[in-house]
Every structure is written in C-alpha cells, then in structure tokens.
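For the sequence shown, the residue numbers in the working numbering are 784 to 1104. Positions of the beta carbon are idealized from the N, C-alpha and C atoms, including for glycine. Remember, it's a predicted structure, so these values are computed and weren't measured experimentally. Heads up, the thing below is written out as structure tokens.
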Amino acid sequence: MKNLSLFPSYLLRFKTSLHGLCTASLLVFCLLVANVAQADLTVSEYEAAVHDRYAAPGSFLLEPLAGSFGSALSGVARQSNGGGWATLISPSYFLTSAHLHPPVSADLSQPLADSVYQFYVEDDLTGPAEARVVVWGETVAGSDLWLGRFNEPLPATVRTYPIASQTLVSEATSPTSLFVVGQAGATGMRVGLNGVDALASDFSHPSLGAAVGDVFIYDFDPALPGEALVQAGDSGAPSFVEVNGELALAGIHWFQFATDDEPPVLGTGDTLAATYVDAIASRLGGESLRVVSVPETPAWMSVAAAGVGCVIAAVGRRITI
C-alpha cells in the first residue's frame, strides 16, 4: 500500500485537468536531441535539500525508502564522466534506454569512458562507491529498452530493483504515485513526483526511429508542488513506484511530448518495463529477476480509475502516427 506519509497533504489529490491529452494531437520528440544542451530535471517548487539526492543527506525525498541500504537509489548509476544511466535489476544486469545506450568495452584494461558506471552506496558523492564496466548489451524486443551486463556483480550493499507489474503501473494515477528520476548537473540525481495519465501498446513515432514499445505517459502540471518534467539528457533514467516500502521499477524514460493546445501540455513517455519481463528474464544468465504485483487497491486510488479510462482510450487511438 502507498506510504502516504512520504508526501505533504496538499499533494494527496488526483489531477483534475487531463483535457489536453484527450483532445489534442501529440507532438513527440526524443529526449536525446543533437546540439541541444542537457538540462536538469524540472521539479515544480524545487528544493535542493528535498529533491537532489546528494544535496543534504537525511532530508532527501527518498530517505524513508532507504530501508537497510545506505540509499534508496544505490542501484541507480550514471556514467563516471556524466551522462547515461543504469538501473540495476539483478547483481550484474541493468536497464537503460536503447537510443542512448552505452558502448561495450571489450578490453577491461582500457575500458571506454562511457562504459564505466559509478554506484554510490550512500547519498553522498564522497562516500563508498562501486565502479563497473559494461561488457555486453542488447535492445529488448524492438523497444527502447536496453539490457546491459557489467563486468562483475555488484555487492549486496548496492540494491537491485524489482519490476512493477503492469496493473500496478496502470493504477499509479495519483500525482504522488511515481518517483521520477533525472539529472542534476553532470553527475547528480534529482527526483520529483508525478502520476500515470495514460498507457498505450505498440507506441511508435517517426521522430523516435524504429523502436516500437508499450509506454505510459505523464504530463507536467507546474501548479502541483514537486511535479517533475523530464528533460534532454534524462534518457535511460528510471521512474519508480513504491510497494510495501520498496521502490519498484515502473519504466525507463524514452521521449518527451507536447500537445497542440495553447499553451501546450508537456510531458514524458516511459517504456513500460512490465511488458518485457519474460524477454529480460531469459537473458539474465542465471540471475533472478523479481516482479512485484499490485497490493489490494486502496479506496483513494480506485476513485480515479474511471476518469483515467477515457484518457487511455483516447491516446491509444492517436499515438501510432
């Protein structure tokens, strides 16, 4: 069940304005844009001590979900020289975006800079860390997911994340349901909140190349404190849901969208990880993949189900252009 104590009371309500997604066409563009400066994750009413992982250990938004680990995000890494992302789903394997996946290093004595990732055990860039090198990877089932393998397993001090079931993600409609991870500077991490507005199968778009995949989308409402909008450079970073006090991977950032309303509704599309559980599990070389199912749906979440249904249906009719 959702741990509502993590959020201020004024956030415990559902979004009431989804008309842009029901009535407007979607303009879709990739999060990796040539010659466009990367930007930090946008968070409405941003506070560094709350939203930035390394700014003020102890007051970080995800501190209550650290559990027995030094950090709730110890299993999320960035490239050692800044840039790309890796979310650990088993001791050796990780997920990121296919359109911005790292290179594979064949020579561990001279690894490619972009294939080296740094996992920080605590919410402290000066604390203990584990470096790993990408030695294998492949696109998952034609989607924008990329499954990679490191040169050796991470220790038990670095957490691995279960994948949230599709039903769990489809019911994450509260604006506090998703923890959206993005960049804060070259090596930092920032986290904001959001909620799923729509799901669609076999999403494709000319601006996204040949990738086709199941997605969930979430818009950006700047009036909601803590609401997050993914930016260029966040490709491959994760979105999580919380289940029984643990983070579970919902999706990996794929694209941005804007409606043709005036002003436009902005938002993000994530590849829905749950769709690809079987394909991923078959490639883990004997390591285990965990999947978490939905707890009994709480009453406060059920209220939104009917309202979101029209959005899912409407978007499903138009997004394959």
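Under a 10 Å Cβ-count criterion, Asp1043 is classified as exposed, with fewer than 16 other Cβ atoms of the shown protein chains found around its own Cβ. Beta-bridge pairing by DSSP links Ala832 to no other residue.
With fewer than 16 other Cβ atoms from the protein chains shown falling within 10 Å of its own Cβ, Leu891 counts as exposed. In the same chain as Ala839, and ignoring 5 residues on each side of it, the C-beta atoms closer than 6 Å to its own belong to Ala832, in chain order.
Under DSSP, Ala947 shares a beta bridge with Val1075. Residue range Ala912 to Thr922 is occupied by the beta strand (DSSP E) that includes Ala914. One alpha carbon belongs to Ser880, the other to His1036, and they sit about 7 Å apart. Bridge pairing for Gly1050: Asp1002 and Phe1040 [DSSP]. Under DSSP, Ser892 shares a beta bridge with no residue.
Between Val923 and Arg932, the CB-CB gap reaches or exceeds 8 Å.
Taking 8 Å as the cut-off, the Cβ atoms of Leu982 and Phe999 count as close. For Ser1076, the number of other beta carbons within 10 angstroms of its own is below 16, and it is reported as exposed. With respect to the 8 Å criterion, Leu1012 and Pro1021 are not classified as neighbours on the basis of their beta carbons. Restricting attention to Ala1006, Arg1073, Leu1072 and Ser987, the CA atom closest to the CA of Thr1054 is found in Ser987.
Short of 6 Å from the beta carbon of Ser898, and not among the five residues preceding or following it, lie these beta carbons of its own chain, in chain order: Pro885, Pro886, Ser888, Val916 and Val917.
Residue pairing from DSSP leaves Asn934 without any beta-bridge partner. Along the length of the region 969-1023, whole beta strand (DSSP E) runs at least 3 residues long occupy 971-977, 981-986 and 996-1002, reported in chain order. Following the DSSP letters along the chain, one finds Val859 inside the beta strand (DSSP E) bounded by residues Val859 to Gln862. Taking a contact as a CB-CB distance under 8 Å, the pair Arg836 and Asp906 counts as one, their CB atoms being some 5 Å apart. Spanning the alpha carbons of Asp1017 and Phe962 requires a straight line of approximately 14 Å. Taking the Cα positions, Gly925 is about 38 Å away from Glu830. Under the three-state reduction of DSSP, Ser880 is assigned to strand. In the structure shown, the three-state DSSP call for Glu846 is helix. Taking C-beta separations shorter than 6 Å and ignoring five residues to either side along the sequence, the partners of Leu908 in its chain run Tyr837, following chain order.
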